[in-house]
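J.:
2 protein chains.
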Amino acid sequence: MPRSGAQARDRLERAALELYTEHGYDQTTIADIAAKAGVTQRTFFRHFTDKREVLFNNEGRQQEALTQALDGVPRTLTPVAAMLQAFRSMSPSLENNRPLAEVRHQIIAVTPALRERELMKEAALSTIVADALRERGLAEWNATLLAHVGTTAWGHAIHTWAADPSSNVDALIVQAFADLQDFATANTTAHPATQV
Amino acid sequence: MPRSGAQARDRLERAALELYTEHGYDQTTIADIAAKAGVTQRTFFRHFTDKREVLFNNEGRQQEALTQALDGVPRTLTPVAAMLQAFRSMSPSLENNRPLAEVRHQIIAVTPALRERELMKEAALSTIVADALRERGLAEWNATLLAHVGTTAWGHAIHTWAADPSSNVDALIVQAFADLQDFATANTTAHPATQV
DNA sequence: TACGGTAGCGACACAGTGTGACGCTACGCC
DNA sequence: GGCGTAGCGTCACACTGTGTCGCTACCGTA
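Listed in order, the protein sequences are those of chains R and H. Start counting the first sequence at 1; every next residue gets the next number (the UniProt record's numbering). Start counting the second sequence at 1; every next residue gets the next number (the UniProt record's numbering).
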């Protein structure tokens with residue numbers, strides 16, 4: 001009875017989230033999730049490639065949004081400023097579904113397997129940023145390095161935000177970038193690297 | 001016939017590396033590895049918790065080495081300089097087994113599952129760095145942020161090194177830190193964050 | 001040399017994940 | 001009203017990872 005298709009997917013996602021929260025990720029089987037959603041195990045894998053992927057479903061949209069955000073940043077800005085602006089433009093969307101983000105964060109935090117997948121998604125975002133920087137004229141080495149570091153700082157802000165209900169993502173992002181700048185300029189020696 | 005114990009582990013590691021290289025990670029089964037090593041599947045899992053973990057066996061020693069390296073850095077150095085010195089002290093050890101590193105890098109690069117695990121190991125190193133920075137008096141936010149970013153830069157240098165046989169890790173590490181410094185100071189606006 | 005303890009392994013048995021193939025049925029479209 | 005198809009159920013299956021039991025080669029000790 002293929003009523004909607006999207007309905008089953010929603011039920012599966014909801015069921016998985018509840019079971020992961022209640023009994024933990026490892027203690028939850030695909031059979032449990034499928035039963036709760038009223039479908040078969042096979043149907044689960046038709047909608048999600050993975051047992052983990054249920055929690056990273058909106059990542060696809062986030063990647064597209066980031067791509068567009070990077071595309072919309074004026075070419076006059078420095079690479080660092082461009083990254084910052086693109087990241088900040090994602091803040092409202094993040095803030096909009098904070099409730100879900102908090103729950104997800106708690107589950108992922110205590111499950112190594114899910115933490116692995118989350119790091120993969122961050123790496124994917126980093127690749128997107130690197131592509132954008134490369135298109136802005138940066139060389140391969142610089143584009144990748146800056147993308148990795150910038151994405152890492154962004155991720156740090158998001159994690160802190162997800163763990164603290166009273167915080168504000170956008171402010172934390174700004175703070176992270178500002179702190180990095182301070183740390184870099186605070187070093188009296190311009191290139192401490194050459195001193196070791 | 002438990003001749004040595006460590007012998008079986010070595011044979012398993014060698015067999016896995018060869019099979020992963022020849023047929024790819026996904027196409028290689030535990031049965032294949034065990035057969036090639038002359039043991040049972042059960043024995044494989046007695047030595048390695050995972051099918052992936054075979055490739056990340058020396059990571060434990062690397063984590064210990066990094067911990068000691070961070071412990072040996074003079075307290076007078078700035079946090080960034082301290083990280084850099086600790087990372088650089090690991091360079092000889094890395095350079096010593098470059099052959100293995102290159103093979104590993106190639107396998108990991110084309111296997112998402114292994115890339116996930118590698119990111120996990122990097123995260124573990126980041127945690128170690130964060131602990132050290134926290135012990136140096138940095139607040140939680142700064143310690144974690146700086147550790148993440150620094151470890152990311154280090155990882156970027158190592159990846160570039162593993163992919164380019166003619167390169168030198170230590171030089172790349174120095175280069176990465178120097179470039180980050182340049183990017184931060186190149187921004188005419190001290191805090192571009194506040195301008196968006 | 002004999003003996004007891006133990007570390008390492010083989011041998012099942014089993015739960016759980018993920019994939020392939022086939023058939024059915026409700027839905028949209030002409 | 002018939003047709004194509006998307007979505008699902010149903011088997012069947014390969015592979016990963018764990019628990020348990022029993023065996024055997026090695027160790028130190030007397």
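Glycine is no exception: its CB is placed at the ideal position from the N, C-alpha and C atoms. Predicted, not measured: the structure shown is a model, and the values here were computed from it.
Using a threshold of 8 angstroms, state whether the C-beta atoms of VAL103 of chain H and GLN85 of chain H are closer than that.
T.: Judged by beta-carbon spacing, GLN85 of chain H lies beyond the 8 angstroms limit of VAL103 of chain H, meaning their Cβ atoms are not closer than that value.
J.: How long is the line joining the alpha carbons of LEU125 of chain R and GLN63 of chain R, rounded to whole angstroms?
T.: 6 angstroms
J.: By the criterion of Cβ-Cβ separation under 9 angstroms, what are the contact partners of LEU180 of chain R in chain H?
T.: LEU145, LEU146, VAL149, LEU180, ALA184
J.: Which chain R residues sit within Cβ distance under 9 angstroms of ASN142 of chain H?
T.: ASP179, PHE183
J.: Drop a sphere of 10 angstroms on the beta-carbon of SER91 of chain R, count the other beta-carbons inside from all chains shown, and report buried for 16 or more, exposed for fewer.
T.: The residue in question, SER91 of chain R, is buried, as its Cβ has 16 or more Cβ neighbours within 10 Å.
J.: Quick check on this structure: which residue in R:ASP164, R:LEU55, R:GLU122, R:TYR25 has the alpha carbon closest to the alpha carbon of PHE87 of chain R?
T.: R:GLU122
J.: CB THR40 of chain H to CB TRP141 of chain R, shorter than 8 angstroms?
T.: no
J.: Put LYS36 of chain H into one of helix, strand or coil per three-state DSSP.
T.: helix
J.: So for GLN181 of chain R, helix, strand or coil by DSSP?
T.: Here GLN181 of chain R sits in helix by DSSP.
J.: Mind listing which residues of the segment 150-172 of chain H have their C-beta closer than 8 angstroms to chain R's C-betas, in chain order?
T.: Contact residues of the segment 150-172 of chain H toward chain R are THR152, ALA153, GLY155, HIS156, THR160 (C-beta to C-beta distance below 8 angstroms).
J.: Chain H partners of MET90 of chain R, CB-CB under 9 angstroms?
T.: Those do not exist, as MET90 of chain R stays about 12 angstroms from chain H at its closest Cβ, beyond 9 angstroms.
J.: Count the other C-beta atoms from every protein chain shown that fall within 10 angstroms of the C-beta of ALA112 of chain R, then say buried if there are 16 or more, exposed otherwise.
T.: Note that residue 112 of chain R is Pro in the sequence shown here, rather than Ala. Exposed, since its Cβ has fewer than 16 Cβ neighbours within 10 Å.
J.: Measure the C-alpha to C-alpha separation of ALA157 of chain H and THR144 of chain R and round it to an integer number of angstroms.
T.: 10 angstroms
J.: Taking a Cβ distance cut-off of 9 angstroms, strictly less, list which residues of the segment 59-76 of chain H are near chain R, in chain order.
T.: none
J.: Going along the chain, which unbroken runs of the alpha helix (DSSP H) with 4 or more residues stay wholly within the segment 42-123 of chain R?
T.: Counting whole runs of 4 or more residues, the segment 42-123 of chain R contains the alpha helix (DSSP H) stretches 59-71, 79-89, 91-96, 98-109.
J.: Under DSSP, the alpha helix (DSSP H) around ARG136 of chain H begins and ends at which residues?
T.: Secondary structure note for ARG136 of chain H: it is in no alpha helix (DSSP H), with a DSSP letter that is neither H nor E.
J.: Distance, Cα to Cα, ALA34 of chain H vs ALA8 of chain H?
T.: C-alpha separation (whole angstroms): 10 angstroms.
J.: Can you list, in chain order, the residues of its chain whose CB lies under 6 angstroms from that of ALA82 of chain R, leaving out five sequence neighbours each side?
T.: Cβ neighbours of ALA82 of chain R beyond the five flanking positions: VAL73.
J.: Label MET1 of chain R either buried or exposed according to how many other C-beta atoms from any shown protein chain fall within 10 Å of its C-beta, with 16 as the threshold for buried.
T.: Any reading at MET1 of chain R is ruled out, since the residue's pLDDT is 46, under 50, leaving its predicted position unreliable.
J.: I want to verify the contact list: residues of chain R whose CB lies under 8 angstroms from the CB of GLU116 of chain H, in sequence order.
T.: Using a Cβ-Cβ cut-off of 8 angstroms, GLU116 of chain H is close to GLU116, ARG117, LEU119, MET120 of chain R, given in chain order.
J.: Using the Cβ count rule (16 or more neighbours within 10 Å means buried), how would you classify HIS148 of chain H?
T.: buried
J.: Mark residue 209 of chain H as exposed unless 16 or more other C-beta atoms lie within 10 angstroms of its C-beta, in which case mark it buried.
T.: Chain H is shown from 1 up to 196; residue 209 of chain H falls before or after that span and cannot be answered.
J.: Distance, Cα to Cα, ILE66 of chain R vs ILE128 of chain R?
T.: The identity of residue 66 of chain R in the sequence shown is Leu, whereas the question assumes Ile. Those two C-alpha atoms are separated by around 8 angstroms.
J.: What whole-angstrom Cβ distance do GLU116 of chain R and GLU22 of chain H have, given they're in contact under 8 angstroms?
T.: About 26 angstroms; that fails the 8 angstroms criterion.
J.: Between LEU114 of chain H and LEU55 of chain H, how many whole angstroms is the CB-CB distance? I'm expecting something under 8 angstroms.
T.: 6 angstroms
J.: Would you grab the beta carbon distance between ALA153 of chain R and ALA130 of chain R for me? Rounded to a whole angstrom, and I think it's under 8 angstroms.
T.: Between ALA130 of chain R and ALA153 of chain R the Cβ distance is about 15 angstroms, and since that is not below 8 angstroms, they are no contact.
J.: Is THR29 of chain R helix, strand or coil by DSSP?
T.: THR29 of chain R falls in the coil class under three-state DSSP.
J.: Interface residues of chain H around ALA123 of chain R at Cβ under 8 angstroms?
T.: ARG115, LEU119
J.: Check whether the Cβ atoms of PRO79 of chain R and ARG136 of chain R sit closer than 8 angstroms, and answer yes or no.
T.: yes
J.: Helix, strand or coil for ALA167 of chain R? Go by DSSP, reduced to three states.
T.: It is worth fixing the name first, because residue 167 of chain R is Ser in this sequence and not Ala. DSSP places SER167 of chain R in coil when its eight states are reduced to three.
J.: Pick helix, strand or coil for GLY155 of chain H, following the three-state DSSP scheme.
T.: Helix at GLY155 of chain H.
J.: Alpha carbon to alpha carbon, how far is ALA184 of chain H from LEU180 of chain R?
T.: 8 angstroms
J.: If you draw a straight line from the C-alpha of THR28 of chain R to the C-alpha of LEU19 of chain R, how long is it?
T.: 6 angstroms
J.: Can you tell me which of H:THR76, H:LEU146, H:ALA101 puts its alpha carbon nearest to the alpha carbon of ASP182 of chain R?
T.: H:LEU146
J.: Check the Cβ-Cβ distances between ALA176 of chain H and every residue of chain R, and say whether any is below 8 angstroms.
T.: yes
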